[in-house]
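Quick notes on the structure that follows.
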Amino acid sequence: MKRNAQLILVAAALAIVAWLAGAFDPDPSTIDLPDPGIRSEKIGRIDVRSSGGSFSLVRGDSSWSVAGEPPMPADTAVVLRLVRDLSDLELASLVSRTPDRHARFGVDSTAAEVVVSWDGRETRLVVSTRGPDYQSHYVRIGTDPSVYATRGRLTVLTDRGRYEARIDSLDSQP
1 MKRNAQLILV AAALAIVAWL AGAFDPDPST IDLPDPGIRS EKIGRIDVRS
51 SGGSFSLVRG DSSWSVAGEP PMPADTAVVL RLVRDLSDLE LASLVSRTPD
101 RHARFGVDST AAEVVVSWDG RETRLVVSTR GPDYQSHYVR IGTDPSVYAT
151 RGRLTVLTDR GRYEARIDSL DSQP
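Every letter in the sequence shown is one number past the one before it in this note's numbering, and letter 118, counting from 1, is 118.
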């Protein structure tokens, strides 16, 4: 009986030590992943560059516009989806630190580049069109060659026209 009590105490002590050491952490990592730190309410400009061209989305006092000559009103729903995705961006894991593997993960010169500007700061992201599953993407941040898998989607539309507001005119009936 006394031996059983000792075994239970030793097992409990080992469990406490393991818990304190983080052995029961559901997402253990010895690598500190960077926080892109993009806050939706602060974003003033988003520049999108891809092999198909480049354009800028600019926040005005009450709405977004697609920069250019002439500037076009932006489709608020489409822009706000991108803003939400950028501000919710969370990195799940480091997948590579080798620039030679950028093409493998789709974060090479063929990927979309997004530069987010707010409060005098900028964050540059290189975003792939795919990730390790259908709910994530691969990204690079700034000039760091590291490739990260995201937790969640980050859909960047690279066609300027997808962000422009559609203004349909109705034919007036006499």
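We put the beta carbon where it would ideally sit given N, CA and C, even for glycine. Values in this document were obtained by computation on a predicted structure and should not be read as measured data.
Top-ranked residue by Cα proximity to residue i, from the options
i: residue 164; options: 61, 77 and 32; result: 77
i: residue 160; options: 20, 146 and 72; result: 72
i: residue 140; options: 121, 117, 162 and 112; result: 112
i: residue 103; options: 82, 70, 91 and 127; result: 127
i: residue 142; options: 136, 123 and 158; result: 123
i: residue 158; options: 48, 15 and 85; result: 48
i: residue 34; options: 155, 166 and 148; result: 148
i: residue 63; options: 98, 74 and 106; result: 74
i: residue 51; options: 107, 135, 146 and 153; result: 107
i: residue 94; options: 80, 32, 82 and 152; result: 32
i: residue 136; options: 89, 59, 2 and 3; result: 89
i: residue 101; options: 79, 20, 70 and 138; result: 138
i: residue 39; options: 70, 81, 13 and 86; result: 86
i: residue 152; options: 162, 145 and 81; result: 81
i: residue 156; options: 166, 105 and 114; result: 114
i: residue 97; options: 105, 145, 162 and 83; result: 145
Assigned exposure category for residue i - 16 Cβ within 10 Å defines buried
i: residue 18; result: exposed
i: residue 150; result: buried
i: residue 36; result: buried
i: residue 134; result: exposed
i: residue 60; result: exposed
i: residue 14; result: exposed
i: residue 68; result: exposed
Coil, strand or helix - residue i by DSSP
i: residue 129; result: coil
i: residue 99; result: helix
i: residue 111; result: coil
i: residue 8; result: helix
Identified DSSP bridge partners for residue i
i: residue 64; result: 59
i: residue 43; result: 118
i: residue 92; result: DSSP output for residue 92 lists no bridge partner at all.
i: residue 74; result: 164
i: residue 54; result: 49
i: residue 149; result: 93 and 138
i: residue 124; result: 115
Would you check if the stretch 117 to 127 and the stretch 39 to 48 touch, i.e. whether three or more CB-CB distances between them fall below 8 angstroms? yes
Looking at C-beta atoms only, is the number of pairs between the stretch 4 to 13 and the stretch 49 to 56 that lie closer than 8 angstroms three or more? Put simply, the stretch 4 to 13 does not touch the stretch 49 to 56. Fewer than three CB pairs are less than 8 angstroms apart.
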